[in-house]
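Chemist:
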Amino acid sequence: MQKILPVPKDPNRQATASASSALVVEAQGLCKRYGQFTAVDGLSLRLAEGEVFGLLGPNGAGKTTTILMLMGLTEPSSGSVSILGYDPVRQPLEVKRLVGYLPEHVALYDDLSARENLLYTADLNGLDLREARRRVAASLERVGLADVADKPVGAFSHGMRQRLGIADVLVKQPRLIILDEPTLGLDPEAVNQLLDLILAMAKEEHLTVLLSSHQLQQVQRICTRVGIFVKGKLIAEGPISALADQLAGGMRTLEVAAEPGGAELGELLRSIEGVVAAEPNSDHWLVRAKAEVRPAIARAIVERGWSLLHLRHRDYGLEEIYLRYFQGGEV
Amino acid sequence: MRGLFAVYRKELADQLSSRRFLILFALICLAGLSSVYTAAQSIRQEISDAHGVFLLLFTTASGPLPPFYTFIGFLGPLVGLALAFDSINSERNRGTLARLLAQPIYRDAVINGKFLAAFVTVGLMLVSIVVIVSALGIRILGVIPTPEELLRVGAFLIVCVLYVGFWLALATALSVVLRNTATAALAGIAAWIVFTFFVTMIADAIAGALLQASTTFDPQALLQLENLRMMLARLSPNTLFQEATIAILMPKVRTLGPLLITEAIGMVPNPLPVRDSLLLVWPQVVGLLALTSICFAFAYIKFMTQEIRAL
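This is how it looks when you write it as structure tokens:
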């Protein structure tokens, strides 16, 4: 029953942003204050056409507030936004016509059928009935819900609702899609389906997608670019691979093991230029360095007549980023 | 406007197919039919003059059943509250409000469309009930209403719709302010009970306290007290509705305030023409309209200025 859309996985997908492609989202110094509390603090964001951008941050970081400001659903305290050339504060209807928004909790009318829910959206977008029916049927087909189109939504599973939410967004044929925590509360199977769907959609229709999530792995799977958003501030931005470097602050971590090891090896390592620190860690040493020091380390060990057993550049794994920036909440 | 009509169409379809509409319709229809049926029976037995009989169908109380207009006065608020107490807050609780407002419509299209749909639902409901009930009365009595009587029934209907419209507006305001639908419903019912049962008592108490009512038989003081009491009671839509319907449905009612005996001397108790009856109730009608507008304006402003994050 469920249609799974095959998506070619390309680990080297890079941002399609280039100087020539038009900017879909441009936010400058966006702030939102609720009384004393600053929900979003000086956010600047640029999204080029065709990008899949992940806004990544723990709960309460201000992701939803940011999205609402982009949609013109809430007014920024300061700063400016431009969505496809329109200002959401001054021209909300133009923005809402071009942007599809899937709120955090996909909300549909339970007593209406899937088709009726989408027809209502089409009506709100001013489509005439014939065009509305055509688009609704196409959207339902697209998300694999055509066979349950006339069942009341109340009986749908969470995953089906989420896909119906996507279909709802597609009805207005938007140019930008904003998804707020689309995978929240889904089982892994449904998450994969949904992510594949979003990715396929973005590719085929050449849509720009902005999605927020606190699930790093999911964001990494489909996003060309990621922004890490903590306590109202965008602390890092770029492709995931570049992000790790940014977060490491130019420092790299190496694992070194040699025979014989011990304290002497530690002293040797510390004496090498560029090495900041060296600490023993189970059967090897962890070296923090500012520059590429692997050749120097290898040379030094060999010159001493020791045997080098292990020398590896340790990547900043996703889990590490997650632990450092999310659970600790330290910026 | 386009967004308004989209919301209106959907809400009207929802209202008309909802179970609560069917239940309320059946309830009022039953109450109205039984009231008019017993009224018609007693009219047949007691009244020989066919003149003005048609309107008596709506105003005659017979046995334990109150007259038709009292039923409307009593059940009308229930209809208004039931159709609108959850109009905004249920959307908010389901989360559909954010999705709705993400569509290219103005924000006020939502509240306007919903109110309009509920208002039209009430209109349809009341008109059909009055038509059904009149048909039953005509069938039993065999008397065809005169154009003047039809005009009066039409005016009565307008007052009824306005009266229920007030309760719709109040319920809409409650649904904007109160997040919880159950709280909104209970607050509405509390207002209904206060306005229906306690307004006269409260008006008595306040008027008495303000004028230091004495037990002396000073006619000036008594008149003053009575006038103040009535003005206070008229803050309640129920009082306005009662007065307006009585004057419209009973052509012989010449005044809605206290009548001095000196004024009544030499008065010919013939019925008033429609125009004069309408003039008599004009302040009441405007009062109802004003109360409705105040409630709806409050709901509108609240809704328009609410922070979306809270939605």
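For the protein sequence lines, the chains are A and B, in the order given.
Be aware that the first sequence starts at 13, since it is given in our numbering, and climbs by one per residue.
Be aware that the second sequence starts at 584, since it is given in our numbering, and climbs by one per residue.
Beta carbons: idealized from backbone N, C-alpha and C, even for Gly.
Using only alpha-carbon positions, find the residue among A:Y121, A:R147 and A:D140 that is nearest to R3 (chain A).
Modeler: The requested residue 3 (chain A) does not occur in the structure, where chain A is confined to residues 13 to 343.
Chemist: Does the segment 646 to 660 of chain B come within contact of the segment 70 to 89 of chain A, defined as at least 3 CB pairs closer than 8 angstroms?
Modeler: Contact between the segment 646 to 660 of chain B and the segment 70 to 89 of chain A is absent, because fewer than three Cβ pairs lie under 8 angstroms.
Chemist: Suppose contacts are defined by Cβ-Cβ distances below 8 angstroms. Is L811 (chain B) in contact with L793 (chain B) by that definition?
Modeler: Here residue 811 (chain B) refers to the residue found at position 228 when the second sequence is read from its first residue. Here residue 793 (chain B) refers to the residue found at position 210 when the second sequence is read from its first residue. It is a contact, given that the beta carbons lie within the stated cut-off.
Chemist: When the Cα atoms are used, what is the spatial distance from G54 (chain A) to S224 (chain A)?
Modeler: Position 42 of the first sequence, counted from the first residue, corresponds to residue 54 (chain A). Position 212 of the first sequence, counted from the first residue, corresponds to residue 224 (chain A). Approximately 18 angstroms between the Cα atoms of the pair.
Chemist: Are the CB atoms of L658 (chain B) and A622 (chain B) nearer to each other than 8 angstroms?
Modeler: Against the second sequence, residue 658 (chain B) aligns to sequence position 75. Against the second sequence, residue 622 (chain B) aligns to sequence position 39. In this structure, A622 (chain B) does not lie closer than 8 angstroms to L658 (chain B) by Cβ.
Chemist: Could you check where the beta strand (DSSP E) with W297 (chain A) kicks off and where it finishes?
Modeler: Translated into the one-based positions of the first sequence, residue 297 (chain A) becomes position 285. Where W297 (chain A) is concerned, the enclosing beta strand (DSSP E) stretches over H296 to A301.
Chemist: Assuming V111 (chain A) and P186 (chain A) form a contact by the criterion Cβ under 8 angstroms, report the distance between their Cβ atoms to the nearest whole angstrom.
Modeler: As a working mapping, residue 111 (chain A) is identified with position 99 in the first sequence. As a working mapping, residue 186 (chain A) is identified with position 174 in the first sequence. 6 angstroms between Cβ atoms; contact.
Chemist: Step through the CB atoms of chain A and report whether any lies within less than 8 angstroms of the CB of L684 (chain B).
Modeler: Translated into positions along the second sequence, residue 684 (chain B) becomes position 101. Interface residue, yes.
Chemist: What is the DSSP secondary structure of K885 (chain B), reduced to helix, strand or coil?
Modeler: Taking the first residue of the second sequence as position 1, residue 885 (chain B) is located at position 302. Three-state result, K885 (chain B): helix.
Chemist: Are the CB atoms of V155 (chain A) and L209 (chain A) within a distance shorter than 8 angstroms?
Modeler: As a position in the first sequence, residue 209 (chain A) is number 197, starting the count at 1. As a position in the first sequence, residue 155 (chain A) is number 143, starting the count at 1. Yes, the Cβ-Cβ distance between L209 (chain A) and V155 (chain A) is below 8 angstroms.
Chemist: Are the C-beta atoms of T764 (chain B) and some chain A residue less than 8 angstroms apart?
Modeler: Position 181 of the second sequence, counting from 1, holds the residue named residue 764 (chain B). So no, T764 (chain B) is outside the interface.
Chemist: Between the beta-carbon of L871 (chain B) and the beta-carbon of L740 (chain B), is there less than 8 angstroms?
Modeler: Locating residue 871 (chain B) in the second sequence gives position 288, where the first residue counts as 1. Locating residue 740 (chain B) in the second sequence gives position 157, where the first residue counts as 1. Not in contact: L871 (chain B) and L740 (chain B) (Cβ atoms no closer than 8 angstroms).
Chemist: The alpha helix (DSSP H) with V662 (chain B) in it runs from where to where?
Modeler: Residue numbering aside, residue 662 (chain B) sits at position 79 when the second sequence is read from its first letter. Per DSSP, V662 (chain B) belongs to the alpha helix (DSSP H) from F651 to A667.
Chemist: Near P660 (chain B), which residues of its chain fall below 6 angstroms by C-beta distance, leaving aside the five closest residues on each side in sequence?
Modeler: Reading the second sequence from its first residue, position 77 is the one you call residue 660 (chain B). These residues qualify, in order along the chain: W750 and W775.
Chemist: Quick one: which unbroken beta strand (DSSP E) runs of 3-plus residues sit fully inside the segment 743 to 809 of chain B? Chain order, please.
Modeler: Whole beta strand (DSSP E) segments, 3+ residues: zero.
Chemist: Which two residues bound the contiguous beta strand (DSSP E) that contains T220 (chain A)?
Modeler: Working through the first sequence from its first residue, we reach residue 220 (chain A) at position 208. That run of the beta strand (DSSP E) goes T220 to S225.
Chemist: Span of the beta strand (DSSP E) holding Y113 (chain A)?
Modeler: Reading the first sequence from its first residue, position 101 is the one you call residue 113 (chain A). That run of the beta strand (DSSP E) goes V111 to L114.
Chemist: Given a threshold of 16 other Cβ atoms within 10 Å of its Cβ, counted over all protein chains shown, does S253 (chain A) qualify as buried or as exposed?
Modeler: As a first step, residue 253 (chain A) must be located in the first sequence, where it is residue number 241. Exposed: under 16 other Cβ atoms inside 10 Å.
Chemist: Apart from the five residues just before and just after V713 (chain B), which ones in its own chain have a Cβ nearer than 7 angstroms to its Cβ?
Modeler: Residue mapping note: residue 713 (chain B) aligns to position 130 of the second sequence, counting from 1. Cβ neighbours of V713 (chain B) beyond the five flanking positions: V736 and L740.
Chemist: Evaluate Y132 (chain A) with the Cβ neighbour count: other Cβ atoms within 10 Å of its Cβ, from every protein chain shown; 16 or more gives buried, anything less gives exposed.
Modeler: Start at 1 with the first residue of the first sequence, and residue 132 (chain A) comes out as number 120. Under this definition Y132 (chain A) is a buried residue.
Chemist: Beta-carbon separation of V36 (chain A) and A60 (chain A) under 8 angstroms?
Modeler: Translated into positions along the first sequence, residue 36 (chain A) becomes position 24. Translated into positions along the first sequence, residue 60 (chain A) becomes position 48. Yes; because the gap between Cβ atoms is below 8 angstroms, this pair is in contact.
Chemist: Should G177 (chain A) be labelled buried (16 or more other beta-carbon atoms within 10 Å of its own) or exposed?
Modeler: As a first step, residue 177 (chain A) is located in the first sequence; it is residue number 165 there, counting from the start. Classification of G177 (chain A): buried, given that the 10 Å Cβ count is 16 or more.
Chemist: Rounded to the nearest angstrom, how far is the Cβ of H226 (chain A) from that of G69 (chain A), given a contact under 8 angstroms?
Modeler: Sequence index remark: in the first sequence, residue 226 (chain A) carries index 214 (1-based). Sequence index remark: in the first sequence, residue 69 (chain A) carries index 57 (1-based). Rounded, the Cβ-Cβ distance is 6 angstroms, consistent with contact.
Chemist: Which residues, in order along the segment 123 to 146 of chain A, keep a beta-carbon less than 7 angstroms from a beta-carbon of chain B?
Modeler: Listed by position along the chain: Y132, T133, D135, L136, N137 and G138.
Chemist: Quick check: the segment 725 to 735 of chain B against the segment 815 to 822 of chain B, are there 3 or more CB pairs under 8 angstroms?
Modeler: The segment 725 to 735 of chain B vs the segment 815 to 822 of chain B: no contact.
Chemist: Whose C-alpha, out of A:E271, A:V107, A:A39 and A:E315, is nearest the C-alpha of S56 (chain A)?
Modeler: Counting from 1 along the first sequence, the entry for residue 56 (chain A) is found at position 44. It is A:A39 whose Cα lies nearest to the Cα of S56 (chain A).
Chemist: Could you tell me which residues DSSP pairs with R45 (chain A) in its beta bridges?
Modeler: Translated into positions along the first sequence, residue 45 (chain A) becomes position 33. Looking at the DSSP assignment, R45 (chain A) forms a beta bridge with A:T50.
Chemist: To the nearest angstrom, how far is the alpha carbon of P164 (chain A) from that of S670 (chain B)?
Modeler: In the first sequence, residue 164 (chain A) corresponds to position 152, counting from 1. In the second sequence, residue 670 (chain B) corresponds to position 87, counting from 1. Straight-line Cα distance between these residues: approximately 21 angstroms.
Chemist: Which residues in the same chain as W297 (chain A) place their Cβ atom closer than 8 angstroms to its Cβ, once the five residues preceding and following it in sequence are excluded?
Modeler: On the first sequence, residue 297 (chain A) is found 285 positions in, with the first residue counted as 1. Contacts found: E267, V268, A269, G273, L277, G278, L281, A290 and E291.
Chemist: Of the choices A:T265, A:L191 and A:L198, whose alpha-carbon is the least far from that of M213 (chain A)?
Modeler: Here residue 213 (chain A) refers to the residue found at position 201 when the first sequence is read from its first residue. Checking every option, the nearest Cα to that of M213 (chain A) belongs to A:L191.
Chemist: Could you work out which residue in B:A701, B:N853 and B:G725 is closest to V747 (chain B) when comparing CA atoms only?
Modeler: Numbered from 1 along the second sequence, position 164 holds the residue referred to as residue 747 (chain B). Here the closest residue by C-alpha is B:A701.
Chemist: Within 10 angstroms of its Cβ, does Q795 (chain B) collect 16 or more other Cβ (buried), or is it exposed?
Modeler: Here residue 795 (chain B) refers to the residue found at position 212 when the second sequence is read from its first residue. Looking at its Cβ environment, which holds fewer than 16 other Cβ atoms inside 10 Å, Q795 (chain B) is exposed.
Chemist: Note down the Cα distance separating A563 (chain B) from V619 (chain B), rounded to an integer number of angstroms.
Modeler: Look at the range of chain B in this structure, 584 to 894, and you will see that residue 563 (chain B) is not part of it.
Chemist: Tell me whether A150 (chain A) sits in a helix, a strand or coil according to DSSP, three-state version.
Modeler: Position 138 of the first sequence, counted from the start, is the residue given in the question as residue 150 (chain A). Helix at A150 (chain A).
Chemist: Should I688 (chain B) be flagged as near chain A, meaning a C-beta pair shorter than 8 angstroms?
Modeler: For this step, residue 688 (chain B) is matched to residue 105 along the second sequence. Yes, because at least one Cβ of chain A sits closer than 8 angstroms to the Cβ of I688 (chain B).
Chemist: Check the C-beta distance from I831 (chain B) over to V742 (chain B) and give it rounded, since I have them as a contact under 8 angstroms.
Modeler: Numbered from 1 along the second sequence, position 248 holds the residue referred to as residue 831 (chain B). Numbered from 1 along the second sequence, position 159 holds the residue referred to as residue 742 (chain B). The pair is a contact, with the Cβ atoms about 7 angstroms apart (cut-off 8 angstroms).
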